[in-house]
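A.B. asks: Mapping of the sequence shown onto our numbering: residues 2 to 151, in sequence order.
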Amino acid sequence: MRAVIQRVARAQVRVAGEVIGSIGPGLLVLVGVADGDSPADARVLAEKVVGLRIFRDDAGKMNLSVAEAGGSVLVVSQFTLHGDLRRGRRPSFGAAAAPEAAEPLVDLLIEHVGKSVPVASGRFGASMSVELVSDGPVTMVVDVAGGRVT
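#1: In terms of residues, what are the limits of the alpha helix (DSSP H) holding R88?
#2: For E69, which of helix, strand or coil comes out of DSSP?
#3: For L117, which residues from the same chain have a beta carbon less than 7 angstroms from its beta carbon, with the 5 sequence-adjacent residues on both sides left out?
#4: Nearest CA to the CA of P138: which residue from R149, H113, M63?
#5: With DSSP as the reference, label G37 as helix, strand or coil.
#6: For E132 versus R15, is the C-beta spacing smaller than 9 angstroms?
#7: Find the nearest neighbour of V32 within the set A17, I21, K49, judged by alpha-carbon distance.
#8: As an exercise, report each continuous alpha helix (DSSP H) stretch of at least 4 residues that is fully enclosed by the region 7-62, in chain order.
#9: Let's test the definition: count the other Cβ atoms within 10 Å of the Cβ of S73 and tell me whether it reaches 16, buried, or not, exposed.
#10: What's the gap between the Cα of E112 and the Cα of D59?
#11: Rank A12, R90, F94 by C-alpha distance to the C-alpha of A121 and give the top, closest one.
#12: On the DSSP letters alone, give me the boundaries of the beta strand (DSSP E) that A146 sits inside.
#13: Whole angstroms is fine: what's the gap from V143's alpha carbon to D36's?
#14: Between I6, L46, V20, which has its C-alpha nearest G147's C-alpha?
#15: Which residue from G123, E19, D38, G71 puts its Cα closest to that of H83?
#16: Starting from V120, trace the alpha helix (DSSP H) in both directions and tell me its first and last residue.
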C-alpha cells in the first residue's frame, strides 16, 4: 500500500457535487493498494497514519500525532498512486490491485484508523473532487509491503 499523507487545516471530498466526507484539522490520506497487498499492510499503514508525529507541540516542534493533536483523518482511495511512468507518456497501472481486492483493504484501513481518531472517507471507485487547505505544507509518502514500512 502506498499513501500520500498531507497535514491539512481542512479537507473534503465530493462525489457528483455532494460532500461525502470532510474534516477540520488533521490528515488527508490518499491511498493506493498494490497487487499483493494484505490486511497486515492495512493495519501497519493505519498505525503509521495515526502515530505519525507531524503536528506542532506547544514549543512549535513537530512532535504530536493526529490523535494527540485532536485531529481527524480523511481517507481517499487513489489507484493512480501505483502508476508506472518509466516508459512512454501514458502511465501503466498494472501494479495496482484489482478493485475487488483493493476495496476491502481500503475499508480495513479506514476501520483501523477509526479506532483511534475520527475518520471520514471518499467513495471507492467514484470520480471524486478533493479539496484541501494544506497546513505547513507537510506531505509524507509511505510505502507498506509485507506487513512493514519499506
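Just so it is clear, CB atoms sit at the ideal spot from N, CA and C, and this is done for glycine as well.
C.D. replies: The answer reads as follows:
#1: Numbered from 1 along the sequence shown, position 87 holds the residue referred to as residue 88. First-last for R88: undefined, no H or E at that position.
#2: As a position in the sequence shown, residue 69 is number 68, starting the count at 1. E69: coil per DSSP, three-state reduction.
#3: In the sequence shown, counting from the first residue as 1, residue 117 sits at position 116. The sequence given here has Ser at residue 117, not Leu. If we look at S117 and ignore the five residues flanking it on each side, its Cβ neighbours are V51, A68.
#4: Indexing the sequence shown from 1 puts residue 138 at position 137. Nearest C-alpha to P138: M63.
#5: On the sequence shown, position 36 is the one that residue 37 refers to. Residue state, collapsed to three classes: coil.
#6: For the purposes of this step, residue 132 is taken as the residue at position 131 of the sequence shown. For the purposes of this step, residue 15 is taken as the residue at position 14 of the sequence shown. Yes, the pair counts as a contact, with Cβ atoms nearer than the cut-off.
#7: Within the sequence shown, the letter at position 31 stands for residue 32. Looking at the Cα atoms, K49 is the closest of the given residues.
#8: 40-52
#9: Position 72 of the sequence shown, counted from the first residue, corresponds to residue 73. By the neighbour-count rule (16 or more Cβ atoms within 10 Å), S73 is buried.
#10: Stepping through the sequence shown from its first residue, residue 112 is reached at position 111. Stepping through the sequence shown from its first residue, residue 59 is reached at position 58. Between E112 and D59, the C-alpha separation is close to 30 angstroms.
#11: Position 120 of the sequence shown holds residue 121. The shortest Cα separation from A121 among A12, R90, F94 belongs to A12.
#12: Here residue 146 refers to the residue found at position 145 of the sequence shown. Looking at the DSSP string, the run of the beta strand (DSSP E) that includes A146 is 129-146.
#13: If you number the sequence shown from 1, residue 143 lands on position 142. If you number the sequence shown from 1, residue 36 lands on position 35. About 16 angstroms.
#14: Locating residue 147 in the sequence shown gives position 146, counting from the first residue. Answer by Cα proximity: L46.
#15: To locate residue 83, count along the sequence shown from 1; it is residue 82. Cα-wise, what sits closest to H83 is D38.
#16: On the sequence shown, residue 120 is found 119 positions in, with the first residue counted as 1. Here V120 belongs to no alpha helix (DSSP H); instead the beta strand (DSSP E) covers 120-122.
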